[in-house]
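Participant: Its first residue numbered 1, the sequence shown is counted upward by one per residue in UniProt numbering. For every residue, glycine included, the Cβ atom is placed at its ideal position computed from N, Cα and C. These numbers come from a predicted model, not from an experiment. Just dropping this structure here.
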Amino acid sequence: MGHGGMSCGMKTARCLMVLFNIVFFLIGAVLLALGIYVMVDPRFQKLKEILPLNTNAGLERGLSYLEMMAIVVIILGSVLLIIGFLGCCGAMKQVKLFLTCYAIIVALIIIFEVAITIYFVVFQSNFKESFVPKLKDSLRDNYQGPLGVAGYGPKPTAYSLAWDFIMYNLKCCGVENNADFNGAVQWNRSNPWADPLVPQSALFRYPLTCCPFPNGQSNWNSLPVDQLNEVAQCAVSGTGVYETGCYNKVVEVLNSAKTWVIVGAVIILVIELITFIFTLALCCRHKKDTIYYSS
């Protein structure tokens with residue numbers, strides 16, 4: 001075989017490079033679409049107010065944790081789109097500039113992934129210690145209860161509604177437990193269905209959405225305001241109220257998919273390492289070909 005020909009191994013490497021980068025391109029397109037969808041979908045906007053970056057009442061003027069995560073997904077999708085483009089073009093057309101840029105980006109991504117993995121393993125408990133108190137303070141200062149949507153009192157804020165929707169759908173109460181509502185300063189605890197002959201029923205101890213509803217079903221888009229009075233006894237006495245906090249519920253949902261996330265991350269890391277090695281090989285071959293033809 002002459003110097004200008006490509007060995008079977010190099011042809012295989014180039015085909016794998018093209019295949020892997022087509023996959024990267026498609027994943028990037030999906031992540032980009034997902035990030036944009038989260039930013040504009042009204043259902044996710046209900047979650048926006050419950051994940052603030054601070055406890056300031058003017059939350060709507062800033063970014064929420066949900067929006068920050070969506071922005072990260074959009075950036076990640078865009079990066080994967082660029083990587084897929086550079087990898088495909090570089091492998092098929094043997095463009096050294098594309099291959100060099102591709103190798104640098106992949107190397108930086110591998111370093112970042114290793115660093116972020118170490119960070120989360122080491123500082124996972126610190127995240128909870130810093131995030132949960134902030135969320136509890138925000139709940140205490142801003143929660144107003146669901147009665148406003150049923151016509152009993154002023155219309156509640158988007159933040160308060162977000163908490164009610166989350167607790168209703170995830171069947172949880174508060175951040176860590178139902179005791180988080182003990183110090184809610186803006187919540188009007190008056191029970192409009194109280195029995196005048198039973199003074200103990202005049203005030204709610206827990207939000208109505210911390211109690212199981214008669215239909216036993218959860219609908220993300222609607223809160224059954226016509227059934228609020230049916231769970232008033234639970235909210236007053238605490239009998240049957242949800243014990244688990246919403247933070248733990250969310251962690252449970254994430255942990256249920258943790259194994260698949262780890263497997264996926266390992267597969268992606270292996271693919272990135274393989275493509276990085278193939279890129280170096282193609283760059284070295286391109287350099288040898290350049291030296292050969294110039295001699």
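In its own chain, which residues sit with a C-beta less than 6 angstroms from the C-beta of L80, not counting the 5 before and 5 after it?
Facilitator: F24, I27 and G28
Participant: From what residue to what residue does the alpha helix (DSSP H) around Y206 run?
Facilitator: No alpha helix (DSSP H) contains Y206, which DSSP labels as neither H nor E.
Participant: With a cut-off of 8 angstroms on the beta carbons, I'd call A232 and W193 a contact; round off their distance for me.
Facilitator: 5 angstroms
Participant: How long is the line joining the alpha carbons of I110 and A162, rounded to whole angstroms?
Facilitator: 37 angstroms
Participant: Less than 6 angstroms between C-beta atoms, sequence neighbours within five positions excluded: which residues of the same chain meet that for A70?
Facilitator: Only G35, V38 and M39 meet the Cβ criterion.
Participant: So, for L280: in the same chain, excluding its five sequence neighbours on each side, which residues have a beta-carbon less than 8 angstroms away from its beta-carbon?
Facilitator: Result list for L280: A103, in chain order.
Participant: From A91 to F127, what does the alpha carbon distance come to, in whole angstroms?
Facilitator: 41 angstroms
Participant: Nearest to P112 by alpha carbon, out of E252, L282 and E272?
Facilitator: A small fix is needed here, since residue 112 is Phe in this sequence, not Pro. Nearest C-alpha to F112: E272.
Participant: Just grab the DSSP bridge partners of S190 for me.
Facilitator: L203
Participant: Indicate the three-state DSSP secondary structure (helix, strand or coil) for C88 in the structure shown.
Facilitator: helix
Participant: Using the three-state DSSP reduction, which class does D137 fall into: helix, strand or coil?
Facilitator: helix
Participant: Which of helix, strand or coil does DSSP assign to E243?
Facilitator: coil
Participant: Using the Cα positions of G87 and E129, report the straight-line distance between them to the nearest angstrom.
Facilitator: 41 angstroms
Participant: With distance defined between alpha-carbon atoms, name the residue in R140, F120, A13 and L76 nearest to I262.
Facilitator: F120
Participant: Where does T157 sit, in a helix, a strand or coil, going by DSSP?
Facilitator: coil
Participant: Can you tell me whether R178 is helix, strand or coil according to DSSP?
Facilitator: The sequence shown places Asn at residue 178, rather than the Arg named in the question. Residue state, collapsed to three classes: helix.
Participant: On the three-state DSSP scale, how would you describe residue 298?
Facilitator: This structure cannot settle anything about residue 298, because the visible part of the chain is limited to 1 through 295.
Participant: Check whether the Cβ atoms of Y247 and E176 lie closer than 8 angstroms to each other.
Facilitator: yes
Participant: So the candidates are M10, S78 and E67; which of them puts its Cα closest to the Cα of L31?
Facilitator: S78
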